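The structure under discussion appears below in the form of structure tokens.
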Amino acid sequence: MRLNELLNSVAEAGREILSKRDKSLPEKTLETHCANLLSNKGEALGSAFAMAVVIAYRKSNEEEKLKFFYHLLESYSPNPELVIQRANEYKASNDYKAYAALNDAVESPRQMLFRRINMAPNGTETLVELRCDLLRFIKNNPELKTIDYDLSHLLKSWFNRGFLTLEEIRWDSPAVILEKLIKYEAVHYMSGWEDLKKRLGKNRRCYAFFHPSLPGEPLIFVEVALVKGLADSIPPLIDPTLDASISENKTDTAIFYSISNCQAGLAGISFGNFLIKQVVMELKRELPHLTQFSTLSPIPGFLKWLSREQENGDSEFIKETDRDVLSLLGNEHWYQDQEISEAVKPVLMGLCKKYLFHAKRGKLPCDPVARFHLGNGARIERLNWMGDKSANGLDQSAGMLVNYFYEISEVEKNHEAFINDGVIATSKDFKRKLSSI
1 MRLNELLNSV AEAGREILSK RDKSLPEKTL ETHCANLLSN KGEALGSAFA MAVVIAYRKS
61 NEEEKLKFFY HLLESYSPNP ELVIQRANEY KASNDYKAYA ALNDAVESPR QMLFRRINMA
121 PNGTETLVEL RCDLLRFIKN NPELKTIDYD LSHLLKSWFN RGFLTLEEIR WDSPAVILEK
181 LIKYEAVHYM SGWEDLKKRL GKNRRCYAFF HPSLPGEPLI FVEVALVKGL ADSIPPLIDP
241 TLDASISENK TDTAIFYSIS NCQAGLAGIS FGNFLIKQVV MELKRELPHL TQFSTLSPIP
301 GFLKWLSREQ ENGDSEFIKE TDRDVLSLLG NEHWYQDQEI SEAVKPVLMG LCKKYLFHAK
361 RGKLPCDPVA RFHLGNGARI ERLNWMGDKS ANGLDQSAGM LVNYFYEISE VEKNHEAFIN
421 DGVIATSKDF KRKLSSI
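Residue numbers (UniProt numbering): 1 to 437.
As structure tokens, then:
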């Protein structure tokens, strides 16, 4: 019997008991259901109350959901006075009982409520949806961040690597999963089934992480192209018919060209670092002739950063001679004009190299994709001109893409140096060109 089927049977048994005991159950409020859920310790009744919370939450409109979140904030927070009392007792005694009592006092009742909601069939799915709603409300109600701290703490435990399964997605995978690849693709838009078929075709792979509590729902997926040499352009990767056809055993490089997170309610819970490393292991096992593993990645923050630097008259990155050249970007079709394109190319590529290596948020790179791959142990390998001429590629980075190279023997060393000291690993060629700018 599957987990959800077992939970359903337990919950239904509890609902039968409740229906006999309390005919008014459907009319109770979401807040009342939560109070009942926390006060009841029986498994069957607990599952029934959890199901009632799930049903009531999913029926709630936006106003009711916001009211519910404030109820969680006001009624299910730790007691500050009790926390201080328990802390003083632990400080005085330094024994296990006092330590356990302090832990109990510090943990908010919300965490227990969320754990019990998770007892319901589709409880995990509902909590992920609930966090998606919560993150949306936090933008205008920052005090609700306290609730997110508790919920994300639990989700990080429930969705740790040990509970995830890696699956290869093929053209013959269930249609419900294939549809979700089209829906969730976040880097290079898919217009429909034909686009998807190309990305699952010859010399192409797709892998995703799944969780047993969310059957049929990918958490994150990566698209891979098997090619010869480092790729520098997206079109041949997403449409293999544009590239010269080579047999799989002639390929030597795996290019990770798209990584898409699928669940907005799991934002901030990182799966990508595990995903890439495990896919590399899978590919090395299946195709031992592969010798290179690299990305072909977007640079989503570049033009926004460049715009801010242009407004800054004292920019340390932009030379005065660059400003006149950059003004040519005011021509909407600059990339289609060979003369303009050739004029701006060295300036834009030089500034993009500076952006990737020197522009920081704290001690880490400004660019989110750079932070991810460098933190994962990759190195900046090469910047590619006009690798993505889609509207999105031009808007983000003037069409430029970057290769982050995963040198297996260097990954751990690069990761430690980046995390501990902010050291950015680069290829010798990238570093040489950067120093000459």
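Don't be surprised by glycine CBs; every beta carbon is placed ideally from N, CA and C. On a predicted model such as this, the values are computed, not experimentally measured, just so you know.
Practice prompt. Mark residue 211 as exposed unless 16 or more other C-beta atoms lie within 10 angstroms of its C-beta, in which case mark it buried.
Written response: buried
Discussion item. Among 299, 164, 195, whose alpha-carbon lies nearest the alpha-carbon of residue 269?
Written reply: 164
Worksheet item: Shortest alpha-carbon distance to residue 403 belongs to which of 190, 361, 261, 229?
Response: 229
Discussion item. For residue 365, list the residues DSSP reports as bridge partners.
Written reply: 360
Item to complete: Within the segment 157-231, note down every full alpha helix (DSSP H) run reaching 4 residues or more, in order along the chain.
Response: 175-184, 193-199
Worksheet item: Does the separation of the CB atoms of residue 106 and residue 83 fall below 8 Å?
Response: yes
Practice prompt. Kindly indicate which residue of 93, 325, 277, 397 has the alpha-carbon position closest to the one of residue 297.
Written response: 397
Worksheet item: With DSSP run on the structure shown, which of helix, strand or coil describes residue 310?
Response: helix
Worksheet entry | Coil, strand or helix - residue 316 by DSSP | coil
Item to complete: Mind the definition here: the segment 370-385 touches the segment 420-429 only if three or more C-beta pairs lie below 8 Å; say whether that holds.
Response: yes
Item to complete: Within the same chain, show all residues whose beta-carbon is closer than 6 Å to that of residue 258, passing over the 5 residues directly before and after it, in chain order.
Response: 187, 188, 223
Worksheet item: What whole-angstrom Cβ distance do residue 293 and residue 254 have, given they're in contact under 8 Å?
Response: 5 Å
Worksheet item: Are three or more beta carbon pairs between the segment 351-369 and the segment 312-329 nearer than 8 Å?
Response: yes
Item to complete: Let me know the secondary structure DSSP gives residue 405 once reduced to three states.
Response: strand
Item to complete: Measure from the alpha carbon of residue 132 to the alpha carbon of each residue in 52, 325, 349, 264, then state which is nearest.
Response: 264
Practice prompt. Tell me the start and end of each unbroken alpha helix (DSSP H) in the UniProt domain "Malonyl-CoA decarboxylase N-terminal" (76-159) that is at least 4 residues and wholly inside, in chain order.
Written response: 80-93, 96-106, 109-117, 123-138, 145-158
Worksheet item: By how many angstroms is the C-alpha of residue 329 removed from the C-alpha of residue 313?
Response: 18 Å
Practice prompt. Provide the residue(s) that pair with residue 295 in DSSP beta bridges, ordered along the chain.
Written response: 256
Discussion item. Classify residue 92: buried if its beta carbon has 16 or more other beta carbons within 10 angstroms, exposed otherwise.
Written reply: exposed
Discussion item. DSSP three-state label for residue 55, please.
Written reply: helix
Discussion item. With distance defined between alpha-carbon atoms, name the residue in 31, 40, 72, 61 nearest to residue 53.
Written reply: 31
Worksheet entry | Residues near residue 305 by beta carbon distance below 7 Å, same chain, minus five either side | 355, 359, 366
Fill in: Exposed unless 16 or more other CB atoms sit within 10 angstroms - verdict on residue 61
exposed
Discussion item. Quick check on residue 121: buried or exposed, where buried means 16 or more other Cβ atoms within 10 Å of its Cβ?
Written reply: buried
Worksheet item: From residue 235 to residue 99, what does the alpha carbon distance come to, in whole angstroms?
Response: 59 Å
Worksheet item: Rounded to a whole number of angstroms, what is the C-alpha to C-alpha distance between residue 441 and residue 261?
Response: Beyond the ends of the chain as shown, which are 1 and 437, falls residue 441; an answer cannot be given.
Worksheet entry | For residue 384, the three-state DSSP class (helix, strand or coil) | strand
Worksheet item: Nearest to residue 233 by alpha carbon, out of 401, 126, 33, 248?
Response: 401
Discussion item. Can you check which of these residues, 326, 415, 38, 28, is closest to residue 59 by C-alpha distance?
Written reply: 28
Discussion item. Can you look up residue 273 in the DSSP assignment and give me helix, strand or coil?
Written reply: helix
Fill in: Bridge partners - residue 251, DSSP secondary structure assignment
None; residue 251 has no bridge partner.
Fill in: Residues sharing a beta bridge with residue 379, DSSP
405
Discussion item. Considering only the alpha carbon of each residue, which of 139, 220, 225, 308 lies closest to residue 159?
Written reply: 220
Discussion item. Taking the alpha helix (DSSP H) that residue 266 belongs to, which residues open and close that run?
Written reply: Looking at the DSSP string, residue 266 is not in any alpha helix (DSSP H), and its letter there is neither H nor E.
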